[in-house]
Amino acid sequence: MMTGITGTPGTGKTSIAAELERRGHTVVRLTDTVRPYVIEEDCSRQTLVVDVDRWVDEFEPLDGFVEGHLAHLLPCNRVVVLRCRPDILRERLLPRNYPEEKVAENVEAEALDVILVETLEEHPGEHVLEVDTTDLSVGECADRIEWFVRGELPPSYGSIDWSDYLEVGR
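Count along the sequence shown from 1, add 85, and you get the number used in the numbering used here.
Written out as structure tokens, the structure is:
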């Protein structure tokens, strides 16, 4: 079974995937798979533009976890969407030395549920779990993901609402 771990940058994907790997799970990081599919570099946004359709078509399914902010676009059996309160997300992103515009873009995407919406466009709700990482440890998040994969934690999404964090008149 292939489980995607997705979310806005800064929600904890890499740390939680490392913990799952430490626990003996197979983990593939999307940053290790997309390089051949990069079609341009957007220097102003400090991001790579990927031919997502080709990447998805050629991705070899696996038994384990696929981690990255595009994981929900793959034909996963289950998808975990990591979430983080936007003010805390901002604090997590600032040390990465992103331009303010990139930080603001990611914080706004989180407040608007962008990754969750994209996930639900690709996968049925009964295959999706949202995890609020704001106040949970990496280990607690990994526990929830393992329970979900084993069927011990039911799917759940739509209860997180960050709309109060949207900046009005920006």
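Cβ coordinates follow ideal geometry from the N, Cα and C atoms, glycine included.
Here the structure is a predicted model, which means the values were calculated and not measured.
- Relative to the Cα of R181, the nearest Cα in the group G95, G89 and I90 belongs to G95.
- The segment 145-158 makes no contact with the segment 172-190; the number of CB pairs closer than 8 angstroms stays below 3.
- In this structure, T219 sits away from C226, with a CB-CB distance that is not shorter than 7 angstroms.
- Closest option to V113, judged by alpha-carbon separation, among T91, L133 and N191: T91.
- Under DSSP, T118 forms no beta bridge with any residue.
- Between L115 and E126, the CB-CB gap reaches or exceeds 7 angstroms.
- By the neighbour-count definition (other C-beta atoms within 10 Å, threshold 16), M86 is an exposed residue.
- In chain order, E104 place their CB closer than 7 angstroms to the CB of G224, counting only its own chain and leaving out the 5 sequence neighbours on each side.
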